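Chemist: Numbering (my numbering), first residue to last: 71 to 258. The beta carbon of each residue, even a glycine, is placed where N, CA and C say it ideally should be. Note that this is a predicted model, so its numbers are computed, not measured. Before I ask anything, here is the structure I am working with.
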């Protein structure tokens, strides 16, 4: 029997994205968001949703570009910090001793220490209640060589991403492989 919890943002897994932007003066800013994910295959796009009150919101509106940095489990404390402190008050990367890299593809920075980065150009914004969804066309994906699998794609165990649980407000590690998609269902 299922119990009704009412309307809530309980989607699992919820990825942890660190969104990189430049402010009006060209200073890098990073913000952790959990409201995001792939939203289109062709063109390849990712969406992130931010409240207007955030510093990154203004940066996205003015620069029309962002990066999605996917931190490994090793950096879960840093990612959490970047979601708690405003870029208005502090240079978070400097405070955390993380290396900022200027993208050569879009007008946004990324974090060298995080294994995966998506470089995105804003193609559409949608106001939804208390958030605005920024849809970014993925112009390039960069990944550490050491995180690639034998077929040349990211190896999730090597990337070691983690997820956010909106219900209990904890971070969880990604665990084991259950089977190959579009194959295991054939045997029902």
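1) Give the range of the alpha helix (DSSP H) segment to which residue 206 is assigned.
2) Short of 6 Å in beta carbon distance, which residues of its chain neighbour residue 171, apart from the five on each side in sequence? Order them along the chain.
3) Out of 92, 91, 252, 187, state which residue places its alpha-carbon closest to the alpha-carbon of residue 215.
4) Starting from residue 82, follow its DSSP beta bridges and name the residues at the other end.
5) What first and last residue would you give for the alpha helix (DSSP H) that runs through residue 120?
6) One question on the structure: do residue 116 and residue 102 come within less than 8 Å of each other, judged by their Cβ atoms?
7) So, is residue 167 buried or exposed, given that buried needs 16 or more other C-beta atoms within 10 angstroms?
8) With a cut-off of 8 Å, do at least 3 Cβ pairs link the segment 199-218 to the segment 234-242?
9) Rounded to whole angstroms, what is the Cα-Cα separation between residue 147 and residue 160?
10) Please state if the CB of residue 192 and the CB of residue 184 are separated by a distance shorter than 8 Å.
11) Please confirm whether residue 155 and residue 144 have their CB atoms less than 8 Å apart.
12) If you count every other CB in all the chains shown that lies within 10 Å of the CB of residue 106, and 16 or more means buried, which is it?
13) Are the CB atoms of residue 217 and residue 135 within a distance shorter than 8 Å?
14) Between the Cα of residue 89 and those of 229, 174, 124, spot the shortest distance and give me the residue it belongs to.
15) Taking only the alpha-carbon atoms, compute the straight-line gap between residue 151 and residue 97 and give it to the nearest angstrom.
Modeler: Here's the rundown:
1) No alpha helix (DSSP H) contains residue 206, which is instead part of the beta strand (DSSP E) from 201-213.
2) Result list for residue 171: 180, 182, in chain order.
3) When each option's Cα is compared against that of residue 215, the closest is 187.
4) Per DSSP, none; premise fails for residue 82.
5) The continuous stretches of alpha helix (DSSP H) do not include residue 120, which lies in the beta strand (DSSP E) extending over residues 115-120.
6) Not in contact: residue 116 and residue 102 (Cβ atoms no closer than 8 Å).
7) Classification of residue 167: exposed, given that the 10 Å Cβ count is below 16.
8) Contact between the segment 199-218 and the segment 234-242 is absent, because fewer than three Cβ pairs lie under 8 Å.
9) Near 17 Å, if we compare the C-alpha coordinates of residue 160 and residue 147.
10) No, Cβ-Cβ distance for residue 184 and residue 192 is not below 8 Å.
11) No.
12) Buried is the call here.
13) At a Cβ-Cβ threshold of 8 Å, residue 135 and residue 217 do not count as neighbours.
14) Nearest C-alpha to residue 89 among 229, 174, 124: 124.
15) Going from the Cα of residue 151 to the Cα of residue 97 covers about 18 Å.
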